[in-house]
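Protein chains: 2
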Amino acid sequence: MQITRQTEYAIRTMLELALAPEGEVLSTRYISERQDIPEDFLKKTIKLLALADLVVTQRGTGGGVRLAKPADQITMLDIITAVEGPISLNVCLSPAYNCPNQPTCPSKQVFQRAQEALVAELKRQSLADMVKSM
Amino acid sequence: MQITRQTEYAIRTMLELALAPEGEVLSTRYISERQDIPEDFLKKTIKLLALADLVVTQRGTGGGVRLAKPADQITMLDIITAVEGPISLNVCLSPAYNCPNQPTCPSKQVFQRAQEALVAELKRQSLADMVKSM
DNA sequence: ATAAAGGGGACAAAAATTATCCACATTAAA
DNA sequence: TTTAATGTGGATAATTTTTGTCCCCTTTAT
Chain A
201 MQITRQTEYA IRTMLELALA PEGEVLSTRY ISERQDIPED FLKKTIKLLA
251 LADLVVTQRG TGGGVRLAKP ADQITMLDII TAVEGPISLN VCLSPAYNCP
301 NQPTCPSKQV FQRAQEALVA ELKRQSLADM VKSM
Chain B
201 MQITRQTEYA IRTMLELALA PEGEVLSTRY ISERQDIPED FLKKTIKLLA
251 LADLVVTQRG TGGGVRLAKP ADQITMLDII TAVEGPISLN VCLSPAYNCP
301 NQPTCPSKQV FQRAQEALVA ELKRQSLADM VKSM
């Protein structure tokens with residue numbers, strides 16, 4: 201019940217990008233050195249962020265990464281979801297899962313509510329808010 | 201960011217115990233068959249529940265397991281914590297962890313709040329509530 | 001005594017996570 | 001137009017966590 205290290209990497213990367221001058225790109229190597237993240241692993245992590253439209257990448261000399269939208273339009277939930285997929289506190293909450301104990305499973309509802317509370321909080325704070333508090 | 205299968209086993213076990221007649225013990229084997237849980241793995245899981253004072257075990261012939269207290273005094277949070285230890289959505293929230301970015305880490309606060317919301321919900325519903333909803 | 005329980009430690013298997021390597025495609029600049 | 005800097009993608013390895021199994025022990029009612 202914990203975010204993975206990769207998600208931590210993603211959060212730190214997004215903070216780094218949010219702090220960079222508007223429109224400027226940062227290279228993966230630069231970020232990996234600043235944040236002490238294995239470069240090749242970071243590449244894949246950034247790819248996930250790009251697929252989720254949180255960052256834009258630019259290939260070639262002078263290329264790199266930048267935020268795809270203003271920091272106040274990106275939430276912690278966005279980042280976590282980009283890396284880990286949709287949050288589901290219990291397997292039974294995954295969309296794909298077909299619970300064999302349906303419909304009498306009493307724990308599903310508990311997890312459903314807990315998850316909603318969690319998601320609401322993660323959605324509440326934006327990357328911009330986080331940067332402000334630094 | 202998901203409870204483990206072992207925690208699922210623990211929840212199902214607690215529900216099974218909550219449904220048993222007051223004061224009666226159920227054997228690990230019985231529970232493992234009813235709930236389709238590997239017996240030796242269940243033994244360890246039950247041991248964790250016993251260490252957390254959620255169940256009482258009785259050795260010897262006719263022995264088994266029963267709830268250590270009324271079902272309305274046991275919460276989902278109690279069960280999760282018994283198996284997985286204290287919830288910490290991010291390593292940086294673990295009591296033992298000493299964050300190298302302290303005290304300027306902006307994500308810690310976000311996780312702190314999210315975790316509190318989650319914990320509050322998990323604490324809200326008791327085993328008794330869950331049984332009622334079956 | 002005996003058999004039916006739980007207790008505990010070692011270990012194995014499986015799954016998930018993290019990390020590394022390398023060949024390739026793109027692009028700006030020399 | 002070559003070159004070097006950069007992201008892309010796939011394969012694979014290493015590590016860690018989770019899950020499962022085995023086996024011998026202790027306790028206890030009959």
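Going line by line, the protein sequences match chains A and B.
Under my numbering, the first residue of the first sequence carries the number 201, and numbering increases by one thereafter.
Under my numbering, the first residue of the second sequence carries the number 201, and numbering increases by one thereafter.
Ideal Cβ placement from N, Cα and C applies to all residues, glycine included.
- In this structure, DSSP gives A:T275 an extended state, which the three-state scheme calls strand.
- Take the alpha-carbon of B:Q206 and the one of A:E224: they are about 47 Å apart.
- Looking at the DSSP output, B:Q258 sits in a beta bridge with B:G264.
- The beta carbon of B:A328 lies closer than 6 Å to those of A271 and D272 in the same chain, with the five residues before and after it left out.
- Taking the C-beta atoms as reference points, B:L219 is found no nearer than 7 Å to B:V265.
- Put simply, the backbone Cα of B:L249 is about 12 Å away from that of B:K269.
- Within chain A, E321 have C-beta atoms less than 7 Å from the C-beta of B:R313, given in sequence order.
- Inter-residue distance for A:A317 and A:V310 is about 11 Å (C-alpha atoms, whole angstroms).
- Near chain B, meaning a CB-to-CB distance below 9 Å, the residues of the segment 204–224 of chain A are T204, R205, T207, E208, I211, R212 and L215.
- For A:V310, the nearest beta carbon of chain B is closer than 7 Å to its own beta carbon.
- Put simply, the backbone Cα of A:I237 is about 54 Å away from that of B:G260.
- Taking the beta carbon of B:P238 as reference, no residue of chain A falls within 7 Å; the closest one sits roughly 17 Å away.
- Residue range R205 to L219 is occupied by the alpha helix (DSSP H) that includes A:Y209.
- A distance of 7 Å or more separates the beta carbons of A:A210 and A:V256.
- Contact annotation: in the segment 275–303 of chain A, residues whose CB is within less than 8 Å of a CB in chain B are M276, I280, E284, I287, S288, L289, N290 and V291.
- For A:S326, no Cβ of chain B is located within less than 7 Å of the residue's own Cβ.
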